[in-house]
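Okay, so here's the structure we're looking at.
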Amino acid sequence: MTPATEGGSMRPLREIVLTRDIALPRDLLFRLWTEPQHLMRWWGPQNMTAPSVSVDLREGGAWRHCILTPEGKEYWSHGRYLEIVPPERLVFTFAWENQEGRPEHPMQVTVEFQEIGEKTRLIFRKVELPNDTELKLQTGGWEQALDKYVAYAEATSREG
1288 MTPATEGGSM RPLREIVLTR DIALPRDLLF RLWTEPQHLM RWWGPQNMTA PSVSVDLREG
1348 GAWRHCILTP EGKEYWSHGR YLEIVPPERL VFTFAWENQE GRPEHPMQVT VEFQEIGEKT
1408 RLIFRKVELP NDTELKLQTG GWEQALDKYV AYAEATSREG
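Reminder that position 116 of the sequence shown reads as 1403 in this note's numbering, one-by-one numbering, no gaps.
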């Protein structure tokens, strides 16, 4: 990756890239990533729930989600959809909200769903993380969220 500029100085582009090969059709996997009733079942790290999910699935449309810790602490995030190509690709902005409900450091997420034989390869990319600490925390959180997503997708597929 080439460095990005920040305030006239060069800095490394902090990004997360995670991949999962899932033995399910990408149409299903795309729906599970874009429909609120499904997002509520897997969004967020292990041991956290997503009690509030709103999605306006159109380019320029907004999304907003809350994840809740077992101790009852809420973490809100939101963004806008930049590109939607069902069932291949989603691009959206992502920002955590501070206590006043204002966005903190905005980031961009791309989720690709590629057909690989009988499987779908999901590639998750999040760029412009603000610092190395956030990169480490979010990498762990997204690893867990994707594990929940895959388990939910497999269970949903079995249910028919």
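Where is the CB? At the ideal position from N, CA and C, for every residue including glycine.
DSSP lists Ile1303 and Val1396 as the bridge partner or partners of Lys1413. Between the region 1426–1433 and the region 1336–1349, the count of Cβ pairs shorter than 8 Å is below three; the stretches do not touch. Just so you know, the alpha carbons of Thr1443 and Gly1404 end up roughly 21 Å apart.
In the displayed model, Gly1388 falls within coil according to three-state DSSP, outside both helix and strand.
About 6 Å separates the CB atoms of Phe1317 and Pro1373; that is less than 8 Å, so the two are in contact. CA-CA distance, Thr1336 to Leu1300, rounds to 30 Å. Annotated as distal: Arg1351 and Val1437, with beta-carbon spacing of 7 Å or more. A residue is called buried when at least 16 other Cβ atoms come within 10 angstroms of its Cβ; His1365 meets this threshold and is buried. Short of 7 Å from the beta carbon of Lys1406, and not among the five residues preceding or following it, lie these beta carbons of its own chain, in chain order: Asp1308, Ile1309 and Ala1310. Leu1377 and Ile1354 have their alpha carbons spaced roughly 21 Å apart. The criterion of a C-beta distance shorter than 7 Å is not satisfied by Ile1303 and Thr1397.
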